[in-house]
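Number of protein chains: 2
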Amino acid sequence: MTAPPRPTHIDTMRERNLALVLQEIARRQPVTRARLAELTGLTKTTVTGQVAALEGLRLVTSGGPVREGARGRPGAPVSLAPGPVAGLGLEVNGHYLAACVLDLTGGVRLSETYACDNRGRDARDTLAALAALARQMITRSTEAGLAVVGTAVALPGVIAEDRVNAPNLGWDSVPAAALLDDALPVQTIGLTVDNEANLGALGERWYGVGRGAGSYIYLSGEIGIGAGIVVDGELFRSAHGSAGELGHVVVDPDGPACRCGGAGCLEQVAGLDAVLRAAGVSDTSGTSESRLSELLRRLADGDHDALRAVDAAGRGLAVALVGAVNLLDPDTIILGGLLARLAFWLIPPIEGAVIRGGGKLRGRTPVLRASTLEAGSAVRGAAGTVLAAVLADPLSVA
Amino acid sequence: MTAPPRPTHIDTMRERNLALVLQEIARRQPVTRARLAELTGLTKTTVTGQVAALEGLRLVTSGGPVREGARGRPGAPVSLAPGPVAGLGLEVNGHYLAACVLDLTGGVRLSETYACDNRGRDARDTLAALAALARQMITRSTEAGLAVVGTAVALPGVIAEDRVNAPNLGWDSVPAAALLDDALPVQTIGLTVDNEANLGALGERWYGVGRGAGSYIYLSGEIGIGAGIVVDGELFRSAHGSAGELGHVVVDPDGPACRCGGAGCLEQVAGLDAVLRAAGVSDTSGTSESRLSELLRRLADGDHDALRAVDAAGRGLAVALVGAVNLLDPDTIILGGLLARLAFWLIPPIEGAVIRGGGKLRGRTPVLRASTLEAGSAVRGAAGTVLAAVLADPLSVA
DNA sequence: AGAAATAAGTCTAATGTCTAGACTAAACAG
DNA sequence: CTGTTTAGTCTAGACATTAGACTTATTTCT
Chain C
933 MTAPPRPTHI
943 DTMRERNLAL
953 VLQEIARRQP
963 VTRARLAELT
973 GLTKTTVTGQ
983 VAALEGLRLV
993 TSGGPVREGA
1003 RGRPGAPVSL
1013 APGPVAGLGL
1023 EVNGHYLAAC
1033 VLDLTGGVRL
1043 SETYACDNRG
1053 RDARDTLAAL
1063 AALARQMITR
1073 STEAGLAVVG
1083 TAVALPGVIA
1093 EDRVNAPNLG
1103 WDSVPAAALL
1113 DDALPVQTIG
1123 LTVDNEANLG
1133 ALGERWYGVG
1143 RGAGSYIYLS
1153 GEIGIGAGIV
1163 VDGELFRSAH
1173 GSAGELGHVV
1183 VDPDGPACRC
1193 GGAGCLEQVA
1203 GLDAVLRAAG
1213 VSDTSGTSES
1223 RLSELLRRLA
1233 DGDHDALRAV
1243 DAAGRGLAVA
1253 LVGAVNLLDP
1263 DTIILGGLLA
1273 RLAFWLIPPI
1283 EGAVIRGGGK
1293 LRGRTPVLRA
1303 STLEAGSAVR
1313 GAAGTVLAAV
1323 LADPLSVA
Chain P
933 MTAPPRPTHI
943 DTMRERNLAL
953 VLQEIARRQP
963 VTRARLAELT
973 GLTKTTVTGQ
983 VAALEGLRLV
993 TSGGPVREGA
1003 RGRPGAPVSL
1013 APGPVAGLGL
1023 EVNGHYLAAC
1033 VLDLTGGVRL
1043 SETYACDNRG
1053 RDARDTLAAL
1063 AALARQMITR
1073 STEAGLAVVG
1083 TAVALPGVIA
1093 EDRVNAPNLG
1103 WDSVPAAALL
1113 DDALPVQTIG
1123 LTVDNEANLG
1133 ALGERWYGVG
1143 RGAGSYIYLS
1153 GEIGIGAGIV
1163 VDGELFRSAH
1173 GSAGELGHVV
1183 VDPDGPACRC
1193 GGAGCLEQVA
1203 GLDAVLRAAG
1213 VSDTSGTSES
1223 RLSELLRRLA
1233 DGDHDALRAV
1243 DAAGRGLAVA
1253 LVGAVNLLDP
1263 DTIILGGLLA
1273 RLAFWLIPPI
1283 EGAVIRGGGK
1293 LRGRTPVLRA
1303 STLEAGSAVR
1313 GAAGTVLAAV
1323 LADPLSVA
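Those sequence lines, one after another, are chains C and P. The opening position of the first sequence corresponds to residue 933 in the numbering used here, with each subsequent residue numbered one higher. The opening position of the second sequence corresponds to residue 933 in the numbering used here, with each subsequent residue numbered one higher.
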């Protein structure tokens, strides 16, 4: 009913163990073969062979002997290679294009953001600009001795069956993956496209404040409000790709109608436009960035309307989050994107409501944190998915 | 960070392929070895060997030759054995104890329900009664030539670290699994305890209206309201086991305070007690069963208060479900337990709201269905988990 | 300084499952 | 009765893993 069954034959076994060893190296970073044998349950002989294969793929490097325990022969620590394998992450948002290149160790090797307004623009033009940026990053990577093995793209919309619907960009059923794939050089790992909240959640998991948390909800507040849901370290993906639409959870049954067809949606209360309007920041004064700066300035000055608007947004978020917490039972809630920058004012009202709602039932209350990667979490997450694919299937770079 | 890594060695490979073959047999029921080889990607030789092993475990039977294609030698169809392996499902609820025994084919071999009030009763007494019922079922199974290989229990509460909190039964941190395990004969598959909504969802998936659906939300309305979430055929389990608490999603931010600490929870509007009260069914007139019958009678008579009460419950459910649908993006919503019996009156208000809320964004709207297993879905699901464990690890019954 | 202890990593033989492809078995068509 | 088709079995060979002996490198004890 779900995936086609895959038998395990002898070389599947080797592939799986190769991935197992590599992932364990990634997790424990400098680690000796002997310890890897303990950790994975494989024998020392097998581990030696697998590590040799991974060195051949240039995914790991084996350093000189270093004493770890008190006595006995010192082990040779094995680590992820900081090159040449690298992943490219791309992001399209309402007001910028972004790209970054990460090596296997998670180090940011290149990073670039282009401010530009993509909201009115034709999807093909936007994607052409993104492809140009991507090609430039690949060229610069090659010059730096890096090999970009794959690309992933973060988009603020719903991805279903290779078509992208992104109302906030004015995209309707755009075959983004196909268009980009044609405009980029062939790579060993196929190009993937995913929702910005999903990739932001993964970015936090690998490189941000989600690192320790097992299960969490990542809120991506840009123009709309999306949620990336991570359960036990795994991204939750629905069958149709439109999970996590927190912006259209009902927070006030008697509230105003929403473009989604419902009424009283969170986006009507806590979306960027709604907050700016309620705070009295004129909606003609320029880019969303400058308008947000204006809002932050007023908040810092203690402006009454601004504080009230953000408090209302916080209470709306709280209602939606109490529902999400009761449904999903996460350890942590991470405020990302623009919400991270409002975290100082948002966290108090949200925290109070989340602790009250259902707190008595569960005993434990999720922790609220603000992303420190800010706008970078989705691009980082995108590049990270490429690296995760390499870790899951090391032979793909052969 | 999640599960300890398990290496694949040579006999792991065999176990995995054995499970693969068995699961494929379960899915396609009468199927020849040749077709199994095609389906699984294994060779005919291997399949023959695996089927022989499964026959040795008495999990499958191989029938006489039957012509399937037009010409050529007819194949010998292999099917799941309707015995001796069987699973026992148990359930505790506010007003009954239930048990059922299923064989591998999913056939109900024994089934029993004891009406009794477990709400005030001491947890140990209730569990002792349940154990007595279970022992009786095991004895009768043995007499019928069945071997009960494992037991699973459905409880209306949160199961965390082997302790059960079930406010509606008055249970606080009861070590139910340990208590029951001591009172039952040793079985080859360890006893498991799970939430009633989770097991109900699985019951629907295997034996009920969830059979075709890939992703769905199963609503279990008994005294409280819980949800079992199935994504791509897999049950969604949170790290702490308290996911699916739909009863405490906020449906009216200005609503009355709830025992959970929050305000305006769904349970305050659509819980059994709330509906009966709003419908004016006196809350001293006897068992919940008889009170529910009274409500159904009044609804059938077109009683105004009753209709209004159920409509209000439907609208509350709709708000919570719109949130859940936006967050989880299911194909189907299944009304179970008492809600199934009110489905005729509940579906219209819910359906309208779910179609409106977010419908324009997604294009596709989840289908609403009422469980036909009714009260039986959780017990069936419990017994089913035992059988699923056998299918996942055939050697466990060796 | 030399011997014993300890631990890392490598080598060799054995194990067990799978595959490939030849082979036998059972049906039907002409 | 022969040729064709498909099901299932048999045999030899491939290959990743294991167990355990062995080598190498370092510390500790005498």
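Think of the CB as a built atom: it goes at the ideal place given N, C-alpha and C, for glycine as much as any other residue.
Alpha-carbon spacing of residue i relative to residue j, whole angstroms
i	j	result
C/E1075	C/L954	27 Å
C/S1174	P/R938	33 Å
P/G1313	P/W1138	8 Å
P/E1044	P/G1019	14 Å
P/A1252	P/V1182	7 Å
P/D1325	C/A1211	60 Å
C/P1262	P/V963	43 Å
C/T1037	C/A1013	7 Å
C/T1297	C/P1280	14 Å
C/L1167	C/G1160	7 Å
C/F1276	P/C1032	54 Å
C/I1265	C/L1151	8 Å
P/A1145	C/L1022	34 Å
Where residue i meets chain C, residues with beta-carbon distance less than 7 Å
i	result
P/L1260	S1170, A1175
P/S1147	S1170, A1171
P/N949	P939, T940
P/G1194	V1254, R1288, G1289, G1290
P/L1271	Within chain C, no residue comes near P/L1271; the closest Cβ sits about 17 Å away, beyond 7 Å.
Whether residue i touches residue j by CB criterion (7 Å)
i	j	result
P/V1207	P/A1245	yes
P/G1332	P/G1158	Outside the displayed span of chain P (933 to 1330) sits residue 1332 of chain P, for which this structure offers no information.
P/V1318	P/G1082	yes
C/C1197	C/H1172	no
P/T1120	P/V992	no
C/V1201	C/G1248	yes
C/S1309	C/G1284	no
C/L1305	C/G1153	no
C/V1162	C/A1133	yes
C/T972	C/L952	yes
Nearest to residue i (by Cα), restricted to the options the options
i	options	result
P/G981	P/L1249, P/R946, P/L1305	P/R946
C/L1065	C/L1029, C/T1037, C/L1036	C/L1029
C/R1053	C/T1297, C/L1101, C/G1122, C/V1322	C/L1101
P/I1091	P/L1134, P/C1190, P/S1105, P/G1165	P/S1105
P/A1108	P/N1097, P/V1118, P/P1117	P/N1097
P/L1300	P/V1141, P/L1062, P/A1060	P/V1141
C/L1228	C/R967, C/A1272, C/P1185	C/A1272
P/A1110	P/A1250, P/G1122, P/P1188	P/G1122
C/P1117	C/D1164, C/R1067, C/D1094, C/A1250	C/R1067
Secondary structure of residue i, DSSP reduced to three states
i	result
C/A1332	The structure shown does not extend to residue 1332 of chain C, since chain C is modelled only from 933 to 1330, so the question has no answer here.
P/L1087	strand
P/N1050	coil
P/A1008	coil
C/V953	helix
C/V983	helix
P/V1322	helix
C/I942	helix
P/A1013	coil
C/G1039	coil
P/R1288	helix
C/T934	Only weak support is given to the placement of C/T934: the predicted model assigns it a pLDDT of 44, under 50, and the value that follows is read from those uncertain coordinates. Residue state, collapsed to three classes: coil.
C/G1316	helix
C/L1228	helix
C/V914	The structure shown does not extend to residue 914 of chain C, since chain C is modelled only from 933 to 1330, so the question has no answer here.
P/V1106	strand
Closer than 8 Å at the beta carbon, the chain C residues around residue i
i	result
P/A1342	Since the first and last residues shown for chain P are 933 and 1330, residue 1342 of chain P lies out of range.
P/A1159	L1259
Contacts of residue i in chain P (Cβ-Cβ under 8 Å)
i	result
C/L1012	The contacting residues do not exist; C/L1012 stays about 16 Å from chain P at best.
Chain-ordered neighbours of residue i on chain P, where CB pairs are closer than 7 Å
i	result
C/R1095	Those within 7 Å of C/R1095 in chain P number zero; the least Cβ separation is about 11 Å.
C/V1251	V1182, P1185
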